[in-house]
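Structure, as structure tokens:
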Amino acid sequence: MLMKFNASKYSNYITLFYCISFFLVINGGLFSFLTKGTPFTIWRQILTFIGFSLLMCSFGRYKNRSLIKIEKDLLLLTFLCIPYCIYAFFFQGYGLIRVGFALWMYTAGFHVVLFSSYLLNSSKYNPHSIFKFFSLLGLFLSIGLIIDSQTLLFKFLVLSAHEDISYLAEEDLAMNRCSFLAESVSTFGVYFSFCVLSSFYLLYHSSKTKSQFFYLLCSFLPLIGSWFTGSRQIFVIVLLMFFAGFVYYVICAKGNRVILLVIFSIILIASGSVITSLLSSNEYLLERYLGDDKSTSKADDTRIRQWKNGIDYMQENKLVLLIGHGVGSVPIKGVREGEFIGSNYENTFLAKMVDVGLFGIVLVLFPVIKIFSLLRKYKKKSIFDYLILVLLFNYLFVAFVSPNGATLSTQYIMFLVLSIYIHREKFELENKYASC
Numbered sequence: 001m002l003m004k005f006n007a008s009k010y011s012n013y014i015t016l017f018y019c020i021s022f023f024l025v026i027n028g029g030l031f032s033f034l035t036k037g038t039p040f041t042i043w044r045q046i047l048t049f050i051g052f053s054l055l056m057c058s059f060g061r062y063k064n065r066s067l068i069k070i071e072k073d074l075l076l077l078t079f080l081c082i083p084y085c086i087y088a089f090f091f092q093g094y095g096l097i098r099v100g101f102a103l104w105m106y107t108a109g110f111h112v113v114l115f116s117s118y119l120l121n122s123s124k125y126n127p128h129s130i131f132k133f134f135s136l137l138g139l140f141l142s143i144g145l146i147i148d149s150q151t152l153l154f155k156f157l158v159l160s161a162h163e164d165i166s167y168l169a170e171e172d173l174a175m176n177r178c179s180f181l182a183e184s185v186s187t188f189g190v191y192f193s194f195c196v197l198s199s200f201y202l203l204y205h206s207s208k209t210k211s212q213f214f215y216l217l218c219s220f221l222p223l224i225g226s227w228f229t230g231s232r233q234i235f236v237i238v239l240l241m242f243f244a245g246f247v248y249y250v251i252c253a254k255g256n257r258v259i260l261l262v263i264f265s266i267i268l269i270a271s272g273s274v275i276t277s278l279l280s281s282n283e284y285l286l287e288r289y290l291g292d293d294k295s296t297s298k299a300d301d302t303r304i305r306q307w308k309n310g311i312d313y314m315q316e317n318k319l320v321l322l323i324g325h326g327v328g329s330v331p332i333k334g335v336r337e338g339e340f341i342g343s344n345y346e347n348t349f350l351a352k353m354v355d356v357g358l359f360g361i362v363l364v365l366f367p368v369i370k371i372f373s374l375l376r377k378y379k380k381k382s383i384f385d386y387l388i389l390v391l392l393f394n395y396l397f398v399a400f401v402s403p404n405g406a407t408l409s410t411q412y413i414m415f416l417v418l419s420i421y422i423h424r425e426k427f428e429l430e431n432k433y434a435s436c
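The sequence shown lines up with residues 1 to 436 when you count with UniProt numbering.
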């Protein structure tokens, strides 16, 4: 038993709640549009309230020592945020909504650490279910991005997510960068790379050739989908995840897996002209990835300038380095509804340090440190473990080059992975059908 009390009859519903949450978060543009102007416009906060209630109710009820310790750490981090909230409200003069929104962004993903416990305690789902869910979700997102790139059918969601489209660069509007049902073209890179990882997990654990081909396709299509976001960080980390998983598959391929690789390669070569034509259908994106367009140079210059501003500010304000300005001083994006206009320094680490000082670094690195410490306990590593290291690198890379290391979708994935590693032995992460 995973728990000291019988919660199996509730676990099915709670597992379903988390799967719905994962789907809502990555397709936030659509659901924000549908709930705009209604009481349900705070649907993200409602999800967090339900999740945090589960976290509080489950505190101390699990037998798993790692989970108990992590639960205590998360509650401690939450309580440590409160003095920064008080400081921001009383001494910085930030409004209650601004401070509350910022506190929510700091803690919104904490409750996802419970997911695996409920999944493993449910009667309807098995450990493979979550990987099937994300593999299919990655396929859904990829197809949606491809359709969006050719039809611009969902562009209205991006425009709707901004209070004032003047904050959107003209070049970005002209480029027709796609986000499908998401609110932004650049916030879901870590999430998308986990979808690729999930497909490889199923690929390595499948014995049927048809299933292997399907999951190989599911791991490849996000490359095409991510291209149409026009986000170099998303494309790079999805490419890195695919490259790592595919190289291992090629090296270890034997028997029917070699045949599958030959068939897959033939199909890719045969459809090469179609794929090339599809990727080059938007010349603006092609120039952006090649670094030949003015907007790319402008974006790079802006990012470097923002980094310099953040570092200079830290050097000139040593006290800020230690205690920050209080939560809410730096926005995640600054242009979407419910957020605040200002500089995010194009760096998650800098943004959090300006907010809460060195404590911000702890918050950003917490899931990485915990996942790595749990991973180290296992002497025999599987390919899944190595792909998780790639995911951690992707997370740190995204956090370094943008504020997207703190987005809700990124938090959900990082704490989901932490949840999986708490019960790693029950997820059969070893390469069941792999040859090496």
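Even for Gly, the Cβ is constructed at its ideal location relative to N, Cα and C.
Identity of the residue in the options nearest residue i by Cα
i      : options                        : result
Ser193 : Phe154, Gln212, Arg177, Phe235 : Phe235
Ala102 : Tyr412, Gly326, Phe40          : Gly326
Ser219 : Cys57, Tyr249, Lys380          : Tyr249
Tyr106 : Gly189, Lys72, Tyr412, Tyr421  : Tyr412
Phe409 : Tyr10, Thr48, Ile14            : The amino acid at residue 409 is misidentified as Phe; the sequence shows Ser. Comparing Cα positions, the closest option is Thr48.
Leu286 : Asn176, Asn27, Gly93           : Asn176
Asn347 : Trp307, Ile371, Lys379, Glu316 : Trp307
Lys208 : Gly245, Phe264, Cys252, Arg257 : Arg257
Gly357 : Lys381, Ile311, Val398, His111 : Ile311
Val368 : Leu387, Asp385, Leu396, Lys352 : Leu396
Gly245 : Phe228, Tyr204, Ile266, Ile323 : Tyr204
Gly324 : Leu67, Cys81, Thr302           : Cys81
Gly225 : Ala351, Cys19, Asp148          : Asp148
Lys155 : Asn64, Ser122, Ser184          : Ser184
Lys20  : Phe79, Phe89, Phe133           : The sequence given here places Ile at residue 20; Lys does not occur at that position. Of Phe79, Phe89, Phe133, the residue nearest in Cα terms is Phe133.
Met414 : Tyr191, Phe140, Phe90          : Tyr191
Phe242 : Phe52, Tyr215, Ile267, Gly255  : Tyr215
Rounded separation between residue i and residue j - CA only
i      : j      : result
Arg61  : Leu54  : 11 Å
Leu260 : Ile130 : 25 Å
Arg376 : Pro39  : 45 Å
Val354 : Leu77  : 17 Å
Ser314 : Lys124 : Reading off the sequence, residue 314 comes out as Met, not Ser. Cα-Cα distance, rounded: 52 Å.
Phe349 : Asn404 : 10 Å
Tyr13  : Phe366 : 28 Å
Phe213 : Phe359 : 46 Å
Trp104 : Gln45  : 8 Å
Ile146 : Val362 : 38 Å
Ser211 : Leu217 : 10 Å
Cys85  : Gly100 : 8 Å
Ile50  : Gly37  : 22 Å
Val320 : Ser329 : 11 Å
Asn317 : Ile304 : 20 Å
Ile275 : Ser281 : 10 Å
Phe228 : Tyr87  : 42 Å
Leu159 : Leu181 : 12 Å
Gly144 : Thr35  : 21 Å
Ile97  : Met56  : 23 Å
Gly342 : Asp300 : The pLDDT assigned to Gly342 is 47, lower than 50, so where the model puts this residue is not dependable; a value taken from the coordinates is nonetheless given after this. Taking the straight line joining both Cα atoms gives about 18 Å.
Asp385 : Leu278 : 34 Å
Thr302 : Leu290 : 18 Å
Ile420 : Lys63  : 16 Å
Leu221 : Phe264 : 13 Å
Ala351 : Tyr345 : 6 Å
Lys72  : Ala108 : 16 Å
Lys370 : Ala270 : 45 Å
Gln92  : Ser58  : 35 Å
CB contact flag (residue i, residue j, <8 Å)
i      : j      : result
Val401 : Gln233 : yes
Leu239 : Leu223 : yes
Leu136 : Pro127 : no
Phe115 : Leu416 : yes
Asn27  : Ile237 : no
Gly29  : Leu157 : yes
Leu74  : Phe110 : yes
Ser273 : Asn121 : no
Distance between beta carbons of residue j and residue i, contact taken as under 8 Å
i      : j      : result
Arg424 : Leu374 : 7 Å
Leu24  : Phe31  : 6 Å
Ser186 : Ser231 : 4 Å
Cys178 : Gly138 : At roughly 15 Å, the Cβ-Cβ gap does not stay under 8 Å, so Cys178 and Gly138 are not in contact.
Leu418 : Val113 : 6 Å
Ile422 : Ile70  : 7 Å
Gly189 : Val398 : 5 Å
Leu67  : Ser117 : 7 Å
Which runs of the alpha helix (DSSP H) fall wholly inside the region 356-422 and span at least 4 residues, in chain order? 358-375, 383-401, 408-422
As an exercise, report each continuous alpha helix (DSSP H) stretch of at least 4 residues that is fully enclosed by the region 167-219, in chain order. Counting only runs of 4 or more, we get 170-175, 189-204.
Would you mind listing the alpha helix (DSSP H) stretches within the region 107-143 that are 4+ residues and don't spill past its ends, in chain order? 115-121
In chain order, what are the residue ranges of uninterrupted alpha helix (DSSP H) at least 4 long that sit wholly in the region 16-87? 28-35, 43-58
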